[in-house]
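Protein chains in written order, with my numbering: chain A, 1105 to 1381; chain B, 1105 to 1381.
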């Protein structure tokens, strides 16, 4: 029998898919839902759950511990709070006192949170160990492939994305005809795409590249795309999307590929070679 | 007697200030004005001038050459065109054929243009050699100084700005409480500040850092701020601005400092130590 799964639920549809996967396989689970992010309807009123503010790490860990021994999965984006938004409980305050406030802008926050959970005896697992169709393979995922200009734009975006990722800033870059139209920071990929619509040049459209940060823990916060990302990329005038093969998540893969094909965008997994420095 | 000055005029108020400086000192000059960027009223109807599209490098160089031997200064931002916007004349096409289209996204474009002008026998000079009050010195420029949080945010922004600059992407970064709110690419600093207004966290506001790219030719395209930058930074909830001492331009320095003081923002020049890796 599978161990109980603790689902730390942020935004988006992944937490709901994890709940469904547990129900379908009969695996016991418990949802620790982050207020203002998790979608109650996706979790379902009958699911065992506890809702916490993001500053209530102590309450959250206690709730998981009281509920028994868990594997833990963290799924869905969580907006990074400011120190003043945080209103930390005692445990959260101790956690940040050890880390220093700089961690708020960093993946080191997620790394530290993972270490904290593991010190409590939980096992932290990646979402892809439960939902098996999430990670793209290298190469074209849909019908279309990038042309020479598209490949050159991907290469330039990969170089910028890796450098920005190494500094723990963002996971996405948009390049058109060699020009870096936008670099993602805290605003997220949808906002990045939205502003790139107004920055596009005439001629062949650009590409969106999303890469896992070189140093990030691959169990948490993998770069993610879905059907809506494809819609937004098309609306921004892009010609395609390249995602990190094996290190990014495609939410609802069939629908994502179908939208890319329908809208005429290429969708490719980038292998280790292209993503290498 | 001073040699004749060829002013390649992009947007903003610097070209007009150069024209006034020439008139006041009696220095002969000729304006090569970029359509869609240079401000005709600032250049003045009586100034010797020629207007060209950005793709008409051949026409522009010929106009400068026919007008005699010049020192050349390039002033004011020019929106980087796409290949299809460019509609290059023969000389421009040859220039880009040598460079490859990737140069369009790069400072290498400006470097190559500078080399092209020098190969024609022109001497390219920095705008600060003519307008002497443009470069900020290290340290506080106005009344206020950053506190510990402000200094930590500046340090984080400097690290990101240097990395992004080394990749020839942008010159500006906004950080609040350790979180990178935004990274400038092609959109420019005003658009960066405008979106950061909607991304700010509660608590102490962030900082804008503008740095010269490590590899860039210091005679062209120095990072620039002015009174409007201060207004926009204040509107975005920032607490201050740090600019590269000796390697950035403050347009209308007295008004810029006065606005910063009036709006309660610190304005500091960053010396080599802080801006070092």
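All C-beta atoms in this analysis are idealised placements derived from N, C-alpha and C, irrespective of residue type, glycine included.
Values in this document were obtained by computation on a predicted structure and should not be read as measured data.
Can you confirm whether residue i, when its beta carbon is compared against all beta carbons of chain B, has any partner nearer than 8 Å?
i: residue 1271 of chain A; result: yes
i: residue 1303 of chain A; result: yes
i: residue 1258 of chain A; result: no
i: residue 1283 of chain A; result: yes
i: residue 1286 of chain A; result: yes
i: residue 1267 of chain A; result: yes
i: residue 1380 of chain A; result: Low local confidence applies: a pLDDT of 46 at residue 1380 of chain A is under 50, so the model's placement there is unreliable, with the coordinate-based value given in what follows. No, its Cβ sits nowhere closer than 8 Å to a Cβ of chain B.
i: residue 1343 of chain A; result: no
i: residue 1191 of chain A; result: no
According to DSSP, is residue i part of a helix, a strand, or is it coil?
i: residue 1223 of chain A; result: helix
i: residue 1358 of chain A; result: helix
i: residue 1143 of chain B; result: coil
i: residue 1244 of chain B; result: strand
i: residue 1273 of chain B; result: coil
i: residue 1109 of chain A; result: strand
i: residue 1281 of chain A; result: coil
i: residue 1136 of chain B; result: strand
i: residue 1371 of chain A; result: strand
i: residue 1179 of chain A; result: strand
i: residue 1258 of chain A; result: helix
i: residue 1347 of chain A; result: strand
i: residue 1229 of chain B; result: coil
i: residue 1286 of chain A; result: strand
Does the beta carbon of residue i sit closer than 8 Å to a beta carbon anywhere in chain A?
i: residue 1291 of chain B; result: yes
i: residue 1157 of chain B; result: no
i: residue 1264 of chain B; result: yes
i: residue 1255 of chain B; result: no
i: residue 1374 of chain B; result: no
i: residue 1299 of chain B; result: yes
i: residue 1115 of chain B; result: no
Rounded to the nearest angstrom, what separates residue i and residue j at their Cα positions?
i: residue 1231 of chain B; j: residue 1331 of chain A; result: 49 Å
i: residue 1140 of chain A; j: residue 1160 of chain B; result: 54 Å
i: residue 1123 of chain B; j: residue 1235 of chain B; result: 11 Å
i: residue 1281 of chain B; j: residue 1308 of chain B; result: 7 Å
i: residue 1273 of chain A; j: residue 1320 of chain B; result: 23 Å
i: residue 1176 of chain B; j: residue 1374 of chain B; result: 29 Å
i: residue 1359 of chain B; j: residue 1119 of chain B; result: 18 Å
i: residue 1336 of chain A; j: residue 1297 of chain A; result: 6 Å
i: residue 1110 of chain A; j: residue 1167 of chain A; result: 10 Å
i: residue 1151 of chain B; j: residue 1113 of chain B; result: 13 Å
i: residue 1381 of chain B; j: residue 1195 of chain B; result: Confidence in residue 1381 of chain B is poor, its pLDDT being 42 and thus under 50, which makes the residue's placement unreliable; the coordinate value appears in the next sentence. Rounded to whole angstroms, residue 1381 of chain B to residue 1195 of chain B spans 40 Å at the Cα level.
i: residue 1225 of chain B; j: residue 1172 of chain B; result: 11 Å
i: residue 1143 of chain B; j: residue 1156 of chain B; result: 13 Å
i: residue 1356 of chain A; j: residue 1238 of chain A; result: 8 Å
i: residue 1241 of chain B; j: residue 1220 of chain A; result: 46 Å
i: residue 1128 of chain B; j: residue 1182 of chain A; result: 58 Å
i: residue 1301 of chain A; j: residue 1134 of chain A; result: 41 Å
i: residue 1285 of chain B; j: residue 1352 of chain A; result: 23 Å
i: residue 1233 of chain B; j: residue 1324 of chain B; result: 12 Å
i: residue 1197 of chain A; j: residue 1333 of chain B; result: 36 Å
i: residue 1313 of chain A; j: residue 1257 of chain A; result: 9 Å
Under 7 Å: does the beta carbon of residue i sit that close to some heavy atom of the ligand MG?
i: residue 1290 of chain B; result: In the structure on display, the ligand MG does not appear, and there are no ligands present to speak of.
Tell me the start and end of each unbroken beta strand (DSSP E) in the region 1295-1342 of chain A that is at least 3 residues and wholly inside, in chain order. 1311-1314
Segments assigned alpha helix (DSSP H), at least 4 residues, entirely inside the region 1142-1175 of chain A: 1144-1147, 1161-1170
Can at least three beta-carbon pairs, one atom from the region 1344-1355 of chain A and one from the region 1214-1223 of chain A, be found at a separation below 8 Å? no
Is the region 1246-1253 of chain A close to the region 1354-1368 of chain A, with three or more CB pairs under 8 Å? yes
Report yes or no: do three or more beta-carbon pairs, one from the region 1253-1269 of chain A and one from the region 1250-1259 of chain B, lie closer than 8 Å? no
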